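Data first, discussion second: the structure below is written as structure tokens.
Numbering (UniProt numbering), first residue to last: 1 to 488.
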């Protein structure tokens, strides 16, 4: 019995050694042989992509049993790009790619449980298929948090769960900020989400924390742009304008404010009123971005179903939310967003003067002059003594007049150029006609001369001849083809 057990164990060992030689190291978390790896081209210079990073890869997929290729992007101009650890690819890839260094090429053998399982995938992948992928990791970069490439991060320590701080969440964090490797801030901070600037937090740092889980630790880069110190820099820290900043952020814990579905309608209305007052305070202080977050929260709180008697309290808050958010966008030069909020306000109250006036200003800023004029005229129709609307209308009319004058100059110059072009073309046509007439006249003269002086012997006077392709008429027999052309 013992010998049999030993033999069985020996066979298992041989199988594992055989698998190791044939398919490589088992890198699956459970060590169940689900994902195996053989390095084909090593890379010592690159580093491994963390969870959340964006990677670019070339790959070739084949079936283990037959070796038949079912997919490949080798030979294409652009590699395939995806975010690691977000479930956008098969599980085997989310395990395989983070094990690679940038510049590395490896062969992975992936069992069905880590690929397409018992269902397969369409007509290409049958059920229970073990697949092999040759993958080249071209490069990786941090997760793009702001979708403009200006704030990126990599996860250093995974957080708990999937919840992230909402507006108003109470957050506690430790941050370390560096520029050119030198630390310029290292501190603990407690704040309410979307009010971080009140505690000296950069917009990029707060945005990064808004997308982190409880207990998560991340390395964050704030690239030149609106999320860092901007063009002014931070002279007291010897940081120039448009500097690349690096942060280590540990979001120790946070407690979210209640979500809308957790509140009764009365609670929503009361909280919306308090949030509106907070937004107004920030707006008066010139903190338009923070104020905008507060008014966005107001709108979200009063959205949804309310009874008729509740709407009397709800509707003024909803209207104020859209109007005030439009005012914030106007101050922040987000004119299209301003127009959108004004139109939502006008859905609630069709002749709201503030909505019409702010939409008119936004339209004026983006040179939609005719539409801006209509808005200010509507304001004056409702309130003929509105001095601000009259001033704006005068400004619009002045701009329209200047725009019309410019158009006249442009069109006048355009027509003048066209006229000159036509004259030039007409002159060229006339020159071509004169030349043709001169040529025809010369041909007639030569033809007449040929009739009066027939060809004679060498000792007689030579007759003039017209040359064709370097030969005289005497050497060329000229005939007409079916279309009247000359055949030589």
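Virtual Cβ for every residue (Gly too), placed ideally from N, Cα, C. These figures come from a predicted structure and were not determined experimentally.
Bounding residues of the beta strand (DSSP E) (the contiguous stretch that carries residue 71) | Counting along the chain, the beta strand (DSSP E) containing residue 71 begins and ends at 69-72.
Given that a residue counts as buried once 16 or more other Cβ atoms are within 10 Å of its Cβ, and exposed if not, what is residue 28?
-> buried
Could you tell me which uninterrupted alpha helix (DSSP H) segments, each at least 4 residues in length, are contained entirely in the UniProt domain "PPIase FKBP-type" (168-255), listed from first to last along the chain?
-> 203-209
Since residue 508 is in the alpha helix (DSSP H), which residue starts that stretch and which ends it?
-> The question about residue 508 has no answer, for the chain in this structure spans 1 to 488.
How many Å lie between residue 196 and residue 160 at the Cα?
-> Looking at the two C-alpha atoms, the distance is approximately 23 Å.
Identify whether residue 84 lies in helix, strand or coil by the three-state DSSP scheme.
-> Three-state DSSP puts residue 84 in coil, outside helix and strand.
Compute the beta-carbon to beta-carbon distance between residue 205 and residue 162, rounded to the nearest angstrom, for a pair I have assumed lies under 8 Å.
-> About 22 Å; that fails the 8 Å criterion.
Endpoints, the alpha helix (DSSP H) within which residue 351 is located = Element bounds for residue 351: n/a, residue is neither H nor E.
Just checking, does the segment 61-75 make contact with the segment 131-143 on the three C-beta pairs under 8 Å criterion?
-> yes
Sequence-distant residues of the same chain with beta carbon closer than 6 Å to residue 203, five excluded per side | 227
In angstroms, rounded to a whole number, what distance separates the CA positions of residue 117 and residue 125?
-> 10 Å
Nearest to residue 41 by CA position, among 101, 61, 123 and 23, is which residue?
-> 101
What is the DSSP secondary structure of residue 150, counted as helix, strand or coil?
-> Per DSSP, reduced to three states, the secondary structure at residue 150 is coil, with no helix or strand assignment.
Look up residue 132 in the DSSP assignment and give the residues it is bridged to.
-> For residue 132, which the question treats as bridged, DSSP gives the partners 62 and 109.
Does the segment 234-250 come close enough to the segment 170-183 that 3 or more CB-CB pairs lie under 8 Å?
-> Flag = yes, the segment 170-183 and the segment 234-250 touch.
Could you tell me which of 345, 354 and 223 sits nearest to residue 146, measuring between CA atoms?
-> 223
Out of 335, 35 and 348, which has the shortest C-alpha to C-alpha gap to residue 358?
-> 335
Per-residue DSSP class, three states only, for residue 468 = Only weak support exists for where residue 468 lies, its pLDDT of 35 falling under 50; the coordinates are left without a value.
Pull up the distance between the alpha-carbon of residue 261 and that of residue 180, whole angstroms please.
-> 46 Å
Looking at the structure shown, is residue 139 part of a helix, part of a strand, or coil, going by DSSP?
-> The answer is strand: DSSP assigns residue 139 an E or B state.
Alpha carbon to alpha carbon, what distance is there between residue 280 and residue 322?
-> 13 Å
Cβ separation of residue 392 and residue 376, assumed to be a contact under 8 Å, to the nearest whole Å = 5 Å
Report, in whole angstroms, the separation of the C-beta atoms of residue 129 and residue 122, which I expect to be a contact under 8 Å.
-> With 8 Å as the limit, residue 129 and residue 122 do not qualify as a contact, their Cβ atoms being about 12 Å apart.
Out of 315, 238, 240 and 255, state which residue places its alpha-carbon closest to the alpha-carbon of residue 272.
-> Of the candidates 315, 238, 240 and 255, the one whose C-alpha sits nearest the C-alpha of residue 272 is 315.
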